[in-house]
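S.K.:
Residue numbers (the numbering used here): 7 to 537.
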C-alpha cells in the first residue's frame with residue numbers, strides 16, 4: 007500500500023515493475039521456499055521463452071490442470087508476457103465435464119501434474135485439439151514433455167508481446183449448478199490489476215503483511231485478490247497445497263501470516279475442529295473470504311472471532327465480476343452481511359422483471375461496473391449466454407440476496423439453492439434448511455429443493471440420506487426442523503433415499519430431485535406444525 011498501484015495496467019507490467027523496484031524482496035512462499043520478485047520474473051521470462059519455442063503465440067490459449075505450485079504462478083505470468091491466454095482448469099472436473107472444457111478452449115497445449123494426469127489421460131481421446139502435453143514434477147515423464155524443458159534455456163531476449171489492458175488474460179470455467187456445462191469467463195488484464203488494487207485499499211495490505219492461502223489457483227479469488235493484491239502491496243503471498251483442516255492451524259502459524267483467505271465452509275469446518283490455537287495464530291489479524299451462504303451466519307462469525315481472536319471480513323463476488331463486488335471493511339463491517347459495494351461497481355437487488363426492490367426485500371443480485379475492463383468480457387464462444395448474463399447492462403449473478411437500510415448486502419442463496427415461498431416470505435435459502443437437517447445425528451446428508459404448487463410459489467421438499475445403520479422417520483426430521491426453523495422454512499415433503507444424485511464433479515443434481523413428490527412423506531397428510 008506504500009506505492010501507487012495505478013501506474014500499471016497489465017499482468018506483465020505489474021510483475022516487471024516490482025522486479026525492477028524490489029528484485030531481492032521475498033514475495034512467493036511455498037513449501038518452505040520463497041521466490042523474490044526478481045526470481046519470479048526471471049522464471050516467468052524463461053517459461054515464456056520455452057512456450058514461445060513450443061509454438062505458443064499471442065492470443066493462444068493454454069490449459070493449466072495443476073495443483074498449487076510456484077510453477078503455476080510462473081506460467082500464468084509467462085503466458086501474460088506472451089499475450090497468450092491462461093485457462094486454469096478446476097481440478098475437480100473429470101470425465102465428460104473435463105473433456106468438454108478442454109475441447110471448448112480450443113487449446114493446443116496443456117500442463118498437468120502427477121495429481122491431475124490420470125483424469126486428463128481418461129479423456130485424452132476426446133480432446134484431439136490438445137497436441138502438446140507437459141508434465142510438472144520429478145520422476146518419470148510418462149511420455150509427456152517435462153515442464154523443466156520450458157525453463158531449461160532462458161532466452162537472452164525474453165519474448166514480450168505488446169499487451170493491452172483490454173486483452174484477455176484468462177478464461178476460467180465456472181459451473182454454477184450440476185445440470186449445466188461449465189462456462190468460460192473471459193477476464194481482461196486490467197481486471198487483475200484492478201481487483202488487486204481494490205484488495206490493497208479494502209484490507210490495507212502493505213509490505214509488512216503476509217497472506218496465507220490453501221485455496222486453489224484455478225479460483226479467480228486466489229489469483230485476483232490473493233496473488234495480485236499481495237503483489238501490488240509488496241506483501242508476501244504464502245501458497246499452500248490445499249485445504250487440510252487437521253493441518254491448517256499448524257501451517258498458518260508457521261507461515262507467520264497476518265491474514266488468510268477462505269471460501270465456502272472453511273470457517274465452520276475450522277471452528278468445529280476440536281483442536282486449534284486457543285487464541286488464534288498470534289500474528290493473524292484477518293480472515294478474508296466469501297462464505298456464499300455457508301459461513302455468512304452472524305453467530306458463527308462472532309463465535310469464530312471470539313474463539314480465535316481473528317477478525318472476519320466477509321465479502322461477495324463471482325468470477326464474472328472479478329471476485330469482488332461487496333466487502334466488509336475493517337472500519338465498516340456488519341457481521342452476517344457481505345458488506346458494501348466495491349469502488350468500481352454498482353450493486354442492486356432486482357425482481358424477476360429486473361426492477362429494483364426495496365431494503366429488506368429479496369431478489370437477484372446484479373452488478374454493473376463503473377470502471378472499464380474490470381469485469382468479464384463475456385463467456386468464451388457463448389454469445390447467447392453472454393447476452394443473457396449482461397441483460398439490461400447489468401451482470402446477473404443468479405444469486406439471491408437483499409440490501410438493508412444502511413446499504414449492506416446480505417447473501418441468501420444461489421438462485422438454484424433458493425426456494426420461492428410466495429410474496430410474504432420471498433426467497434429463502436435451501437442451504438439453511440440443509441444445515442439444520444444435517445445436524446441431526448441420524449442424517450448422513452440432505453438436499454432441499456422447491457416444488458411448484460398451484461399458487462405459483464414453491465413447497466419445500468427435503469431428500470434425506472440416513473446415516474449408516476439408522477432408520478429415519480420423516481416425522482422425526484420434521485419435528486427436528488420445527489424446533490430450529492420458522493414454520494415457513496419447515497419442509498412439507500420429506501423423502502428418504504439411499505444416496506443423492508451427483509454429477510461427475512461431485513455436485514448434487516438438485517433438478518433430478520424437484521421433479522415431483524411421488525413416494526415422499528407429506529406433512530399435510532396428518533402432521534400439524536405448532537406455530
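Beta carbons are placed, not taken as given, at the ideal position from N, Cα and C, and that holds for glycine.
1. Opposite residue 420 in the DSSP bridges: which residues?
2. Would you kindly work out how many angstroms separate the C-alpha atoms of residue 161 and residue 340, rounded to a whole number?
3. In three-state DSSP terms, what is residue 342?
4. Kindly indicate which three-state DSSP category residue 292 falls into: helix, strand or coil?
5. Would you call residue 390 buried or exposed, if buried means 16 or more other Cβ atoms sit within 10 Å of its Cβ?
6. CB-CB under 7 Å to residue 76, same chain, minus the five flanking residues each way: which ones, in chain order?
7. Let me know the secondary structure DSSP gives residue 8 once reduced to three states.
8. Let me confirm a value: residue 324 is counted as buried when at least 16 other C-beta atoms fall within 10 Å, else exposed. Which label applies?
9. So, is the C-beta of residue 246 closer than 8 Å to a C-beta in chain D?
10. Is it right to say residue 399 is buried, meaning 16 or more other beta carbons lie within 10 angstroms of its own, or is it exposed?
11. So what does DSSP say about residue 376, is it helix, strand or coil?
12. Output the residue ranges of the beta strand (DSSP E) runs that lie fully inside the region 67-152 and measure 3 residues or longer, sorted by chain position.
13. How about residue 17 and residue 120: are their beta carbons less than 8 Å apart?
14. Taking just the CA atoms, how far does residue 373 sit from residue 410?
15. Does the contact criterion of 3 or more C-beta pairs under 8 Å hold for the region 307-320 versus the region 166-186?
16. Using only the alpha-carbon positions, how far apart do residue 252 and residue 237 sit?
17. I'd like the list of long-range same chain contacts for residue 26, defined as Cβ closer than 6 Å, with 5 residues on each side in sequence excluded.
18. Out of 82, 441 and 134, which has the shortest C-alpha to C-alpha gap to residue 106?
19. Buried or exposed: where does residue 334 fall if 16 or more other Cβ atoms within 10 Å of its Cβ makes it buried?
20. Only counting the same chain, and skipping five residues up and downstream in sequence, which positions put a Cβ closer than 6 Å to that of residue 476?
21. Please name the residue, chosen from 466, 467 and 445, that lies closest to residue 473 on a Cα-to-Cα basis.
22. Between the region 225-239 and the region 356-373, do at least 3 Cβ pairs fall closer than 8 Å?
23. Determine, using beta carbons only, whether residue 568 and residue 118 come nearer to each other than 8 Å.
24. Exposed or buried, which one is residue 248 when buried takes at least 16 other CB atoms within 10 Å?
25. Please name the residue in 484, 486, 386 and 461 whose C-alpha comes closest to that of residue 193.
M.R.: Short version:
1. Taking the first residue of the chain shown as position 1, residue 420 is located at position 414. Partner(s): 405.
2. Taking the chain shown and counting its residues from 1, the one referred to as residue 161 is at position 155. Taking the chain shown and counting its residues from 1, the one referred to as residue 340 is at position 334. Whole-angstrom Cα-Cα distance: 52 Å.
3. Reading the chain shown from its first residue, position 336 is the one you call residue 342. Residue 342: coil per DSSP, three-state reduction.
4. Along the chain shown, one-based indexing puts residue 292 at 286. In the structure shown, residue 292 sits in a strand (DSSP, three-state: E or B).
5. As a first step, residue 390 is located in the chain shown; it is residue number 384 there, counting from the start. Burial call: exposed.
6. Your numbering for residue 76 matches position 70 in the chain shown. The residues are 34, 36 and 41.
7. Along the chain shown, read from residue 1 onward, the residue named residue 8 stands at position 2. Confidence at residue 8 is low in this model, with a pLDDT of 46, below 50, so the placement of that residue is unreliable and no value is reported for it.
8. Residue numbering aside, residue 324 sits at position 318 when the chain shown is read from its first letter. Residue 324 comes out buried.
9. This model lacks chain D altogether; it includes just one protein chain.
10. Counting from 1 along the chain shown, the entry for residue 399 is found at position 393. Answer is exposed; the Cβ neighbour count stays below 16.
11. Mapped onto the chain shown, residue 376 falls at position 370. Of the three classes helix, strand and coil, the one that applies to residue 376 here is coil, per DSSP.
12. 67-71, 91-94, 115-119 and 138-142
13. On the chain shown, position 11 is the one that residue 17 refers to. On the chain shown, position 114 is the one that residue 120 refers to. No, Cβ-Cβ distance for residue 17 and residue 120 is not below 8 Å.
14. In the chain shown, residue 410 corresponds to position 404, counting from 1. In the chain shown, residue 373 corresponds to position 367, counting from 1. Using only the alpha carbons, I get a separation of about 17 Å.
15. no
16. In the chain shown, residue 252 corresponds to position 246, counting from 1. In the chain shown, residue 237 corresponds to position 231, counting from 1. Approximately 29 Å, taken between the alpha carbons.
17. As a working mapping, residue 26 is identified with position 20 in the chain shown. Correct list: empty, nothing qualifies.
18. Within the chain shown, residue 106 is the residue found at index 100, counting from 1. Cα-wise, what sits closest to residue 106 is 134.
19. Locating residue 334 in the chain shown gives position 328, counting from the first residue. So residue 334 ends up on the buried side.
20. On the chain shown, residue 476 is found 470 positions in, with the first residue counted as 1. Taken in chain order, the residues that qualify are 448.
21. Residue mapping note: residue 473 aligns to position 467 of the chain shown, counting from 1. When each option's Cα is compared against that of residue 473, the closest is 445.
22. no
23. Not covered by the structure: residue 568. The range shown for the chain is 7 to 537.
24. Mapped onto the chain shown, residue 248 falls at position 242. When all chains shown are included, residue 248 counts as exposed.
25. Locating residue 193 in the chain shown gives position 187, where the first residue counts as 1. Residue 193 has its Cα closest to that of 386, out of 484, 486, 386 and 461.
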